[in-house]
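Participant: Okay, so the sequence shown: first residue is 1 according to UniProt numbering, each after it adds one. Backbone N, C-alpha and C fix where the C-beta goes; we use that ideal spot for every residue, glycine too.
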Amino acid sequence: MFAYINLLYLLIAVGSASPIVYPRTTNDTNPFVFTNSNGLNFTQMNATLPNVTIFATGGTIAGSSSSTTATTGYTSGAVGILTLIDAVPAILNISNVAGVQISNVGSEDVTSTLLLKMAKQINEFVCGDPTMAGAVVTHGTDVLEETAFFLDATVNCGKPVIIVGAMRPSTAISADGPYNLLEAVTVAASPLAKDRGAMVVMNDRIVSAYYVTKTNANTLDTFKAIEMGNLGELISDTPYFFYPPVKPTGKKAYSIANVTSIPRVDILFAYEDMHNDTLYNAVLSGAKGIVIAGAGAGGVSTSFNYAIEDVINNYGIPIVQSTRAMSGEVPTSDISTDSALHIASGYLNPMKSRVLLGILLAHNKNMTQIAKAFAGSTDD
Ligand SMILES: *[C@@H]1O[C@H](CO)[C@@H](O)[C@H](O)[C@H]1NC(C)=O
Ligand SMILES: *[C@@H]1O[C@H](CO)[C@@H](O)[C@H](O)[C@H]1NC(C)=O
Ligand SMILES: *[C@@H]1O[C@H](CO)[C@@H](O)[C@H](O)[C@H]1NC(C)=O
Ligand SMILES: *[C@@H]1O[C@H](CO)[C@@H](O)[C@H](O)[C@H]1NC(C)=O
Ligand SMILES: *[C@@H]1O[C@H](CO)[C@@H](O)[C@H](O)[C@H]1NC(C)=O
Ligand SMILES: *[C@@H]1O[C@H](CO)[C@@H](O)[C@H](O)[C@H]1NC(C)=O
Ligand SMILES: *[C@@H]1O[C@H](CO)[C@@H](O)[C@H](O)[C@H]1NC(C)=O
Ligand SMILES: *[C@@H]1O[C@H](CO)[C@@H](O)[C@H](O)[C@H]1NC(C)=O
């Protein structure tokens, strides 16, 4: 099949100046009409269109439900990549899409091992291939922001990486998945989307993966960067960016080419009357780094603060203090009240702080380097 296609390509290329075109087939046994040099399969190849690879992880965008009004209780990840493409034939007017089924799990089951695999494949199949315009990652929405942040930090070739999900199951009335997918592919294929890092595209909004968070457990308008706003929006499936490409303050790019695992980082939630034993439990359970979702600007109780100092000084485990508040900053000055090297999260929420701390630990960064990275230093 592969050899035949390439021969055909050659004949057409030699025979005339017109670009290759392989329309969609109706052959269910083999729906793929073109295979590229990385072994990615396309259901259509119209060489004048941009090429986009969709990495499918599962989640609601692929979910199915027996009832058209049930918006909870569906099985995440029930439908594969071909079904996604079939559900949104309009994407073939915008791009040639290849699908990579990277997993088929709800977002709650995405692991750091899967993230590494995903980032490496995007670097190889998209960044490493000059014929590929961008990548789309379909993902369950619950921990989508962590995956988006990870990909933003570890895929840095200037090509758009778009993370997309759906809040309603695919069988619900007004399911949002199909249109979100169309918009995601459109942005991934757009030259306007270059050099903007990874982005979440859902509900007509384009949001920076560095800042975006899930603000509502149920509604369609959930993914927001509350203080920073949106990068752009889509109107009638046309992207409009509000500003030229810009890099978030303090963002650094990390290579995961040689990283084989991400050390365990736990998040501990601060609350009134909190006890310090949760911190020691995390250490004893094997956490190599800890993020505190502190009250306000990283605050914890007095006894917990002593315990933080103890763990930093005597166990050598980095502790990043973030905030349980929906938005705002944790500046170092608000948490450094004693002799330990407290690390403030800045504007990163606990979930994003956990991902960054994991990446830094995977690169064997010491406590000082970790503190500098969170402080936005561009030093190594
Ligand atoms: C469909 O594809 C299969 C596998 O490539 C091939 O054997 C078969 O002949 C095709 N059927 C038609 C009707 O083209
Ligand atoms: C492409 O199709 C071939 C043959 O059907 C299959 O072996 C291969 O795994 C597919 N590639 C991907 C990336 O899914
Ligand atoms: C290929 O894409 C171009 C747009 O870039 C479009 O004008 C043309 O009709 C497409 N060809 C086919 C066969 O779909
Ligand atoms: C899409 O991929 C095909 C096959 O690799 C290539 O010939 C074509 O130039 C690509 N399209 C663009 C716009 O780069
Ligand atoms: C693709 O574009 C053609 C030509 O503009 C249009 O007739 C067709 O309806 C479009 N297909 C989809 C699925 O939007
Ligand atoms: C990864 O390891 C290879 C082989 O040791 C080395 O050449 C390369 O520079 C390393 N890459 C990074 C980003 O550290
Ligand atoms: C942790 O809390 C316990 C009381 O629950 C207290 O006895 C202990 O001194 C605290 N540890 C530190 C380091 O403050
Ligand atoms: C951390 O690493 C940097 C760079 O290698 C080094 O200059 C610094 O002395 C180290 N700090 C500690 C506390 O080990």
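(1) Closer than 6 Å by C-beta to Thr215: which residues in its own chain qualify, once you throw out the five before and the five after it? Chain order, please.
(2) Per DSSP, residue 407 forms a beta bridge with which residues?
(3) With a Cβ-Cβ cutoff of 8 Å, do Ala209 and Met199 count as a contact?
(4) Per the DSSP calculation, Gln121 is bridged to which residue(s)?
(5) Kindly provide the chain-ordered list of residues whose Cβ lies closer than 7 Å to any non-hydrogen atom of ligand 6.
(6) Give the single residue among Asn366, Lys372, Ala193, His363 whose Cα lies nearest to the Cα of Pro50.
(7) Can you look up Thr68 in the DSSP assignment and give me helix, strand or coil?
(8) Would you kindly report the start and end of the unbroken alpha helix (DSSP H) that includes Tyr280?
(9) If the criterion is Cβ atoms closer than 8 Å, does the pair residue 393 and Val187 meet it?
(10) Between which two residues does the beta strand (DSSP E) containing Ser303 stretch?
(11) Let me see if you follow: with CB-CB separation under 8 Å, is Lys247 close to chain B or not?
(12) Quick check: the stretch 103-118 against the stretch 136-156, are there 3 or more CB pairs under 8 Å?
(13) If the criterion is Cβ atoms closer than 8 Å, does the pair Arg196 and Pro160 meet it?
(14) DSSP three-state call for Phe150: helix, strand or coil?
(15) Based on Cα-Cα distance, which residue from Asp129, Ile335, Val88 lies nearest to Ala293?
Facilitator: The relevant details are as follows:
(1) Thr222, Lys224
(2) A query on residue 407 cannot be resolved here, the shown segment of the chain reaching from 1 to 380 and no further.
(3) yes
(4) According to DSSP, Gln121 bridges with nothing at all.
(5) Ser255, Ala257, Asn258
(6) Ala193
(7) Model confidence at Thr68 stands at a pLDDT of 47, short of 50, so the residue's coordinates are unreliable; what they give is reported in the following sentence. Coil.
(8) 277-284
(9) Residue 393 cannot be examined here, being either before or after the span of the chain that is shown, 1 to 380.
(10) Here Ser303 belongs to no beta strand (DSSP E); instead the alpha helix (DSSP H) covers 302-315.
(11) Reference to chain B is not applicable here, since this structure consists of a single protein chain.
(12) yes
(13) yes
(14) helix
(15) Ile335
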